[in-house]
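Residue numbers (the numbering used here): 94 to 286.
C-beta atoms are modelled at their ideal positions from N, C-alpha and C, and glycine is treated no differently.
Quick caveat, the model's predicted, so the values are computed rather than measured.
Working notes for the structure below.
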Amino acid sequence: MNFLEERILKDGIVKPGNVLKVDSFLNHQMDIELMDRMGEEFHRRFADKNITKVLTIEASGIAIACSVARCFNVPLVFAKKSKSVNIEGDMYIAEVESFTHKNKNQVIVSKKFLNADDRVLIIDDFLANGCALQGLISITEASGATVEGLGIAIEKGFQIGGQVIRNLGYKLESLAIVDEMNAETGEIKFREQ
Ligand code: 5GP
């Protein structure tokens, strides 16, 4: 069992509706040492890719992505969520449905910060149905940049996102894959990796 799986077992709380609450170390209060360990682990797993930029989506992905960007010594860009339809300026836009909030947001990245010669590592905290990642992939590809890989802290393996992204041929690395969780007993089972 790796360091993140151990932490999830210690402090994660299974909520009804297939939601894993990790707000004591990742989604509200943040354990920065853990962020740094995750950054180092993603750096190790994508070391053979010549990453020029890390891309994530606000808000919870930013802290992990910061650590990853520091390890690669490249800038971090985060897609901003915006409800407004009239977005001014030169932006890449994707529509993302939120798994936790059940609403739709437009997410935007300024064209200034992604270029055709960028090799992008996409990072997020959770992978459920894959909407957030699909949005970040479409923004990256609209810019002409290359998606070199995707790094996720916690993948919920019983939801469809991971399979969809892997079937599209992307290199997707998740530090913990939850295959089963039970809101009544609190039990969490991880996939052997
Ligand atoms: P997806 O777009 O893959 O359906 O969902 C990914 C996004 O939803 C993540 O960025 C994360 O913020 C949120 N999310 C999905 N499932 C969970 C969950 O079980 N727990 C928490 N805390 N966030 C989740």
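Under the three-state reduction of DSSP, N198 is assigned to strand. DSSP assignment within the segment 213-265 yields the following whole alpha helix (DSSP H) runs of 4 residues or more, N-terminal first: 224-235 and 254-260.
In this structure, F206 has its beta carbon at no less than 6 Å from each heavy atom of the ligand 5GP. With a threshold of 16 other beta carbon atoms within 10 Å, N166 falls short and is exposed. Here the alpha carbons of K282 and V161 stand approximately 26 Å from one another. A distance criterion of 6 Å places the beta-carbon of S153 in contact range of the ligand 5GP, judged by its closest non-hydrogen atom. For V161, the secondary structure class from DSSP, reduced to helix, strand or coil, is helix. Annotation for M184: the continuous beta strand (DSSP E) segment containing it runs M184 to E190.
For I125, the enclosing alpha helix (DSSP H) begins and ends at I125 to R138. With a beta-carbon spacing of about 4 Å, A158 and T149 fall inside the 8 Å limit used to define contacts. Straight across, the Cα-Cα distance linking L97 with L127 is about 8 Å. With a 10 Å radius around the Cβ and a threshold of 16 neighbouring Cβ atoms, I215 comes out buried. A direct Cα-Cα distance of roughly 33 Å separates C164 from K108. Taking 6 Å as the cut-off, one finds no heavy atom of the ligand 5GP near enough to the beta carbon of L261. Relative to the ligand 5GP, the nearest heavy atom lies less than 6 Å away from the CB of T193. Assigned with DSSP and collapsed to three states, K142 falls in coil, not helix or strand.
Comparing alpha-carbon positions, the option among A156, G237, E285 and A221 lying closest to K195 turns out to be A221. Here E99 is not bridged, per DSSP, to any residue. Annotated as distal: F135 and G279, with beta-carbon spacing of 7 Å or more.
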